[in-house]
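For reference, the structure is listed below as structure tokens.
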Amino acid sequence: MMSSIPKRIKQQAMDRDLIISVRIGRNGLTDSLVQEMQDQLSKRGLVKVKANRGIVEGSDERLGLFGAIAESTNSQVVFQRGNVAVFWSGE
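Mapping of the sequence shown onto this note's numbering: residues 137 to 227, in sequence order.
Right, dumping it as structure tokens:
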């Protein structure tokens, strides 16, 4: 995978002012969601994602979903709490 995450990126990811810019709805991980994530990652570098309630059950499924998104978008999960995760493009 990618190199370690710089401290400033971790701090930005944990900042409550970083807005959720992508929501995962009932359709789950779709091609359009992956494309939107890739577009936002190339523009911003950090993208905050929220999985709506009922999309995944339990932390293992949530980690699996966020891991699949990271793999599909060639990014890293910087921060994850509950149904919210922040992805970093590595740039």
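Just so it is clear, CB atoms sit at the ideal spot from N, CA and C, and this is done for glycine as well.
Between the alpha carbons of Ile141 and Arg189 lies a gap of roughly 28 Å. Ser225 counts as buried, since at least 16 other C-beta atoms from the protein chains shown sit within 10 angstroms of its C-beta. Ranked by how close their Cα comes to the Cα of Asp153, the residues Lys184, Gln212, Ile160 have Lys184 in first place. Separation of Gln174 and Gln216 (C-alpha to C-alpha, rounded to the nearest whole angstrom) is 19 Å.
In this structure, the beta-carbon distance from Lys186 to Ile156 falls below 7 Å.
Secondary structure note for Val185: its beta strand (DSSP E) is the uninterrupted segment 182-187. Under the 10 Å beta carbon count, Ser211 is surrounded by 16 or more other beta carbons and is classified as buried.
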